[in-house]
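Using the numbering used here, you'd call the opening residue of the sequence shown number 483 and step up by one each time. Worksheet: the structure to be examined is printed underneath.
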Amino acid sequence: MRNELNNTMKTIWILGAGATISNDRKYPSIMDFFSRGKEYFLINESSKTVRDEYEDLKNYALNYLNKNIMRKNDKIDIEYFLTHLYIEFDNSKNPEIENMINKIIGLIKKVLLESEKRAPFSTEYETLATSFLNFNTSTIITFNWDTLLDKILKSKKTPHYNYLERELSAKYLWGYTNGPKHSPYLEYPKNGELYLKLHGSIDWVTCKTSNCRLRNLMFLKEDITGEYYCSECHEVCNTLIIPPILNKQYNEYPSIKKAWNLAFKEISNSNKIIIWGYGLPPTDFYANWLFSRSTPKECEIIVINPEILTEKRNSETNEFTYSINKIFQKKFSDTFGDRKITYYRYFSDFEISKNIFEKYILK
Ligand SMILES: [Zn+2]
Numbered sequence: 483m484r485n486e487l488n489n490t491m492k493t494i495w496i497l498g499a500g501a502t503i504s505n506d507r508k509y510p511s512i513m514d515f516f517s518r519g520k521e522y523f524l525i526n527e528s529s530k531t532v533r534d535e536y537e538d539l540k541n542y543a544l545n546y547l548n549k550n551i552m553r554k555n556d557k558i559d560i561e562y563f564l565t566h567l568y569i570e571f572d573n574s575k576n577p578e579i580e581n582m583i584n585k586i587i588g589l590i591k592k593v594l595l596e597s598e599k600r601a602p603f604s605t606e607y608e609t610l611a612t613s614f615l616n617f618n619t620s621t622i623i624t625f626n627w628d629t630l631l632d633k634i635l636k637s638k639k640t641p642h643y644n645y646l647e648r649e650l651s652a653k654y655l656w657g658y659t660n661g662p663k664h665s666p667y668l669e670y671p672k673n674g675e676l677y678l679k680l681h682g683s684i685d686w687v688t689c690k691t692s693n694c695r696l697r698n699l700m701f702l703k704e705d706i707t708g709e710y711y712c713s714e715c716h717e718v719c720n721t722l723i724i725p726p727i728l729n730k731q732y733n734e735y736p737s738i739k740k741a742w743n744l745a746f747k748e749i750s751n752s753n754k755i756i757i758w759g760y761g762l763p764p765t766d767f768y769a770n771w772l773f774s775r776s777t778p779k780e781c782e783i784i785v786i787n788p789e790i791l792t793e794k795r796n797s798e799t800n801e802f803t804y805s806i807n808k809i810f811q812k813k814f815s816d817t818f819g820d821r822k823i824t825y826y827r828y829f830s831d832f833e834i835s836k837n838i839f840e841k842y843i844l845k
């Protein structure tokens with residue numbers, strides 16, 4: 483990649499759902515989980531009737547979000563829905579609400595697994611992973627729950643997946659393999675290549691039993707089609723997926739806490755941040771805080787996101803005109819101030835260094 487030639491820099495890749503969708507449109511955005519669930523017959527028996535087990539979610543959404551999970555036009559932000567339920571559960575401790583939370587997490591997992599089956603190739607992530615082999619010191623910070631990039635990093639044997647397994651999962655917590663634990667440091671060792679999944683992942687499994695020795699630890703599982711049981715207390719395990727906003731949950735899980743702390747350190751030590759398919763959603767207060775607080779003053783910012791442009795078609799000439807989406811742009815300038823921000827519409831534009839001003843005549 484031409485853009486990556488300077489290998490003395492520490493580059494941080496920040497990935498959102500848009501990056502995975504850019505690899506294949508079969509992947510859902512945060513607003514598409516219910517419509518995909520319906521399309522794949524995960525939440526419904528037929529085009530009209532919801533499955534019995536999703537009846538409670540349907541009623542909750544109708545009553546409190548004023549949305550119908552069965553109606554395609556009713557776009558529901560699944561992170562928002564999940565957060566809504568968590569707040570409800572915090573106040574009521576109602577096991578039925580907890581049950582709904584688990585169903586939504588189960589649905590996220592099922593929809594992403596189905597999408598993965600339908601989208602076997604991911605050429606952009608392949609290109610990205612290959613670039614990591616050629617130029618070192620790149621850390622990846624992702625808000626994505628899917629495992630598309632994980633699999634590619636693992637197969638290409640870049641250091642990132644190995645880092646995730648060794649340092650964030652509980653796999654090497656005991657025994658010789660992990661070696662001695664390091665003593666507290668004064669200066670952060672900034673030359674690692676990390677893979678930090680800040681909102682968890684569909685293949686992260688954890689035990690929630692209070693007082694269990696394995697409680698809240700993260701185990702990575704390759705096959706996630708079945709249900710796992712805790713080898714210590716033998717309770718059924720949960721999938722470790724965390725919605726934004728609820729930062730108190732970040733402290734509950736050591737792997738998540740560690741990932742956020744490391745994200746802060748890594749960004750603080752970077753010269754370049756490339757934000758691909760992540761649109762700084764205003765609901766993710768903690769992520770917004772992370773970026774505005776940790777980004778060095780001289781850091782160069784690159785944004786890859788089709789949302790930066792608004793496209794209009796002239797019905798007579800059939801020609802397209804493009805203009806900058808000011809609302810989208812403002813989110814970035816508010817967060818990064820007067821740092822230099824370069825916008826690319828697609829990953830392929832970034833690869834050949836053609837930013838929006840070089841590629842388009844903007845109105
Ligand atoms: Zn347990």
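Ideal Cβ placement from N, Cα and C applies to all residues, glycine included. Since this is a predicted model, take the numbers as computed values, not measurements.
The criterion of a C-beta distance shorter than 8 Å is not satisfied by residue 623 and residue 702.
In the displayed model, residue 812 falls within a helix according to three-state DSSP.
The C-beta distance from residue 682 to residue 724 rounds to 5 Å, short enough to fall under 8 Å. Between ligand 1 and residue 697, a heavy atom-to-CB distance of less than 7 Å is present. 503 is the residue among 553, 503, 547 whose C-alpha sits nearest the C-alpha of residue 626. Per DSSP, the beta bridge partners of residue 844 are 804. Between residue 580 and residue 538 the beta-carbon gap is near 11 Å, outside 8 Å, which marks them as no contact. The Cβ atoms of residue 721 and residue 587 sit closer than 8 Å to each other.
Residue 828 and residue 807 have their C-alpha atoms spaced approximately 15 Å apart. Of the residues 564, 739, 554, 813, the one whose Cα lies closest to the Cα of residue 546 is 564. A contact is defined here as three or more CB-CB pairs under 8 Å, and the segment 606 to 616 fails this definition with respect to the segment 523 to 530. Taking non-hydrogen atoms of ligand 1 into account, the C-beta of residue 691 is found less than 7 Å away from one of them. For residue 604 and residue 517, the gap between their C-alpha atoms comes out near 23 Å.
Minimum Cα-Cα distance from residue 668 among the listed residues 510, 761, 747 corresponds to 747. At a threshold of 7 Å, residue 717 counts as near ligand 1, since its beta carbon sits closer than that to one of the ligand's heavy atoms.
Using a Cβ distance threshold of 8 Å, residue 505 and residue 606 count as a contacting pair. By DSSP's assignment, residue 720 forms a beta bridge with 688. One alpha carbon belongs to residue 718, the other to residue 583, and they sit about 15 Å apart. In this structure the segment 750 to 761 lies against the segment 776 to 785, because at least three pairs of beta carbons, one per stretch, are closer than 8 Å.
If only uninterrupted alpha helix (DSSP H) runs of at least 4 residues are considered, those enclosed by the segment 517 to 573 are 537 to 542. The DSSP-derived three-state label of residue 495 is strand.
In this structure, the straight-line span from the alpha carbon of residue 726 to that of residue 643 is close to 23 Å. Spatial neighbours of residue 501 in its own chain (CB-CB distance under 6 Å, excluding positions within 5 residues in sequence) are listed in chain order as 758, 759.
Boundaries of the alpha helix (DSSP H) harbouring residue 612: 605 to 616, taken from the DSSP string. For residue 620, the uninterrupted beta strand (DSSP E) run begins and ends at 620 to 624, by DSSP. Listed in chain order, the non-local C-beta contacts of residue 640 below 8 Å within the same chain comprise 611, 614, 615, 675, local neighbours out to five positions each way being set aside. With a cut-off of 7 Å, the C-beta of residue 734 is classified as distant from ligand 1, since no heavy atom of the ligand falls inside that distance. Assigned with DSSP and collapsed to three states, residue 777 falls in coil, not helix or strand. The shortest CA-to-CA distance from residue 671 to any of 705, 744, 631 is the one to 744. Going by beta carbons, residue 519 and residue 593 fall inside the 8 Å limit. Scanning its chain for C-beta atoms nearer than 7 Å, with the 5 sequence neighbours on each side dropped, one finds around residue 712 the residues 689, 691, 694, 696, 719, in chain order. With a cut-off of 7 Å, the C-beta of residue 714 is classified as near ligand 1, since at least one heavy atom of the ligand falls inside that distance.
A distance below 8 Å separates the beta carbons of residue 646 and residue 677.
Linking residue 591 to residue 798 through their CA atoms gives a straight-line distance of about 45 Å. With 16 or more neighbouring CB atoms inside 10 Å of its own CB, residue 832 falls in the buried class. Residue 742: member of the alpha helix (DSSP H) spanning 736 to 750, first to last residue.
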